[in-house]
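First residue of the sequence shown: 48, per the numbering used here; consecutive thereafter. Glycine included, each C-beta is placed from N, C-alpha and C at the ideal position. For clarity, every value in this text was computed on a predicted model and none was experimentally measured.
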Amino acid sequence: MPEFGEGYEESASCGSEIGRFNKQLKQSSHGFFHHLRGVSVIYGDINVLTEKARSYVEDKVDLCRPKNIHICDGSDAENTNLLSLLQKQGTIEPLPKYKNCWLARTNPADTARVESKTFICTEKKTDTIPTPTEGVKGTLGNWMAPQQMDQAVVERFNNCMKNRTMYVIPFSMGPVGSSLSKIGIQITDSPYVVASMRIMTRIGENVAKVMTEDTEFVKCLHSVGTPANGVVEMPSWPCDPERTLIMHKPQNMEIVSYGSGYGGNSLLGKKCFALRIGSTIAKKEGWLAEHMLILGITKNGVKRYIAAAFPSACGKTNLAMMTPTLPGYQVECVGDDIAWMRFDENNQLRAINPENGFFGVAPGTSNSSNPIAMKTIFKNTIFTNVAKTSDGGVYWEGMENDIDENVEITDWRGKPWNRKTSKTPAAHPNSRFCTPASQCPIIDPLWESPEGVPISAILFGGRRPAGVPLITEAKNWKHAVFMGASLRSEATAAAEHKGKVIMHDPFAMRPFFGYNFGHYLDHWLSMEKRTNQLPKVFLVNWFRKSNEGQFLWPGFGENCRVLDWILRRLDNEDCASKTPIGFIPKKNSMNFEGLSDIDFDELFRIDPEFWKQEISSIEKYFHDQVGQDLPQAIEEECKSLKKHFVNC
Ligand code: GTP
Ligand code: SPV
Ligand code: MN
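Below is the structure:
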């Protein structure tokens with residue numbers, strides 16, 4: 048396998064960068080820390096790390112015994128060379144139709160997050176998950192005891208990097224130096240992960256330089272692994288699906304991930320740090336780490352910010368970048384997946400997007416559904432598991448009208464694919480683009496503001512083909528927390544769940560809680576004591592279907608009509624009617640101008656039979672899964688809602 052540095056080739060386009068890179072190589076090989084625990088540092092300066100960070104790296108060098116070490120500086124030259132190494136290894140190929148775009152194909156056994164192999168490690172099991180009713184399998188996370196984790200780590204990581212380079216990535220979640228940001232050090236043996244982390248987070252020397260000996264950092268260890276029998280099935284995408292394990296130890300601010308190179312399993316800043324470890328830090332420090340997009344919306348010159356939690360592959364990226372169809376509105380994007388939010392000294396809830404890029408679902412993204420994403424992703428982007436076209440571009444389901452009809456298509460596995468005759472999708476349903484947020488043409492001017500943006504409303508939503516209205520406003524904060532807690536959604540390809548079953552996904556966080564969900568609910572409820580300026584909360588559902596199985600709502604840019612109603616509610620307009628499940632729009636109070644065939648009655652119908660069943664599922668879920676840890680306020684909300692429907 049080619050090594051870093053060997054991948055170097057003189058090229059006209061980046062000669063000067065290569066020159067700088069080469070000089071750096073020489074410098075480090077003559078530098079002071081030319082070895083670390085007997086392993087050569089072939090790139091970067093170990094001196095930029097604090098004592099504590101260096102000692103963490105040393106420990107992991109002892110454990111993983113890499114061939115050599117690369118300390119990432121985040122420079123363009125480093126990136127150029129990593130991309131060329133990845134190309135040599137066959138992990139990525141260029142997409143000549145666009146500028147600096149690449150296609151990666153994974154091992155087909157490694158295409159999504161693996162929730163069943165994701166664990167939180169605490170001394171006490173009840174710190175991680177509520178105790179389910181006897182005989183019921185817990186679905187609110189997986190717990191592991193510390194000794195078990197230690198053993199699992201040794202079994203998998205001992206010597207695991209023996210023929211590989213260990214990359215050390217200092218990274219910042221949130222703008223470098225902001226008081227709301229947090230730092231991590233990721234160790235990985237995957238150059239694909241380095242190239243992706245460079246897009247998704249802020250990496251390199253700038254980050255290392257703001258660290259002092261007192262700076263706490265999240266320790267992130269990652270290896271793509273090698274199967275126990277030593278046979279790497281697909282050398283261009285090494286992984287070990289059988290033994291994949293993603294572990295978190297909140298007490299040590301530590302993440303250890305083995306066996307997968309994909310998305311949230313390997314880009315440890317994202318779900319592992321920003322949500323699982325993040326939520327435990329947030330609980331301790333009195334703030335919120337959530338699976339939410341953040342958007343700014345301007346109407347008649349007045350701008351407000353909204354955060355929204357939808358489960359994976361349920362529309363966050365689309366809403367965050369939407370093009371409003373109503374005139375006079377403008378949407379700007381702060382973030383599309385994660386929000387860190389806290390009340391400031393004026394009791395105003397403020398949010399930052401801790402990420403630096405979008406790791407977005409490709410299928411369904413098109414010039415008609417999300418033109419802004421289409422304007423963002425065709426430069427400096429790594430595509431994973433999409434199909435490619437014979438003219439050097441990409442293709443996925445939904446792009447039918449965006450490609451030349453004469454091009455030939457190669458599917459995500461690298462096989463010829465035919466529009467008419469192929470029975471499998473061209474792109475994997477969880478294929479993704481990894482693209483810099485700064486390229487988004489509607490990126491909000493305040494998206495990197497260190498103090499965050501003020502949040503006026505919070506939305507919860509999911510894929511609910513039946514029963515759940517287009518929009519419902521919560522009656523008060525306790526009801527709002529109940530709404531989040533009772534969120535349900537159809538399973539998607541973002542994780543390993545099969546079929547389209549309706550799953551409980553409280554706060555769109557079920558796969559991402561870093562601690563006991565009952566305690567998380569207490570934390571949310573406690574916000575009422577912190578401030579008299581709570582945001583208004585709404586439940587939305589773009590996915591209700593008619594009896595014929597058609598979506599009742601056009602969605603995408605038309606969702607601005609729902610946002611418009613929300614803004615009017617924020618202004619206390621009298622446009623809502625009270626129902627047992629919350630406030631819904633009064634008839635004719637939503638702006639449907641220019642839309643034909645909208646069945647208002649069906650979109651907002653509250654069917655008592657449906658709600659009886661829904662409430663009993665929620666009640667059973669709370670009882671079985673949360674049990675004694677369910678806050679009384681939530682139990683009362685559930686009971687009072689039930690009362691409305693039992694006698695219907
Ligand atoms: P993660 O990145 O997995 O957290 O997903 P996400 O919540 O950002 O979902 P995304 O916006 O990528 O949307 C996922 C899928 O839902 C895409 O195929 C979209 O086309 C589809 N989708 C998004 N918004 C709408 C909508 O308003 N209506 C309908 N019918 N589909 C939508
Ligand atoms: C999600 O599944 O919610 C994602 C993709 O945003 S991943 O980064 O793989 O978690
Ligand atoms: Mn997500």
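The C-alpha of P143 is placed about 35 Å away from the C-alpha of A386. Counting only runs that start and end inside the region 309-350, the beta strand (DSSP E) elements of at least 3 residues fall at 335-337, 339-346.
Annotation for W387: the continuous beta strand (DSSP E) segment containing it runs 386-390. Judged by their CB atoms, R101 and I93 are nearer to each other than the 9 Å cut-off. With 16 or more other Cβ atoms inside 10 Å of its own Cβ, H269 counts as buried. Per DSSP, the unbroken alpha helix (DSSP H) holding Q679 starts and ends at 679-693. Excluding sequence positions up to five before and after S226, its CB lies within less than 7 Å of the CB of P497, all in the same chain and listed in chain order.
As far as DSSP is concerned, W612 takes part in no beta bridge.
For the options D391, P483, R397, the alpha carbon positioned closest to that of K426 is the one of P483.
The beta-carbon separation of L314 and M247, rounded to 5 Å, stays under the 8 Å limit for a contact.
In the DSSP assignment, F585 falls within the unbroken beta strand (DSSP E) covering 583-587. Non-local C-beta neighbours of T578 in its own chain, meaning closer than 6 Å and more than five positions away in sequence, comprise F390, N394, ordered along the chain.
Environment of the ligand SPV, chain-ordered: R160, G310, G311, K317, K318, S359, D384, F406, A541, taking every residue with Cβ within less than 6 Å of a heavy atom. Of the residues assessed, D123 falls on the exposed side of the cut-off, its CB having fewer than 16 other CB atoms within 10 angstroms.
Taken through DSSP and simplified to helix, strand or coil, L617 comes out as helix. Annotation for Q233: the continuous beta strand (DSSP E) segment containing it runs 229-235. Within the same chain, and ignoring the five residues on either side of A321 in sequence, the residues whose Cβ sits closer than 6 Å to its Cβ are M220, I385, P401.
By the CB criterion at 9 Å, R615 and C622 fall inside the cutoff. At a cut-off of 8 Å, the beta-carbon of H544 does not count as near the ligand MN: no heavy atom of the ligand is closer than that. In this structure, the alpha-carbon of M300 lies about 15 Å from that of F218. In the structure shown, I662 adopts helical secondary structure according to DSSP, grouped into three states.
Rounded to whole angstroms, the Cβ separation of K266 and I293 is 14 Å, and the two are not in contact under 8 Å. Comparing C-alpha distances from K576 to each of A242, I230, W334 shows the shortest one belongs to W334. Looking at the backbone, the Cα of H566 and that of S533 are separated by about 15 Å. Rounded to whole angstroms, the gap between the alpha carbons of T345 and F603 is 17 Å.
Ranking V381, G375, L129, P374 by CA distance to the CA of L493 puts V381 first. When the five nearest sequence neighbours on each side are left out, the beta carbons in the same chain lying within less than 7 Å of the beta carbon of E98 are those of E260, in order along the chain.
Pairing T153 with T364 gives a Cβ-Cβ distance that is not under 9 Å.
Judged by DSSP in its simplified three-state form, E98 adopts helix. Across the set S307, R460, P177, N619, the C-alpha of S307 shows the shortest separation from the C-alpha of V279. Straight-line measurement puts the Cα of N588 at about 12 Å from the Cα of L366. The beta-carbon separation of F692 and G509, rounded to 20 Å, does not stay under the 8 Å limit for a contact.
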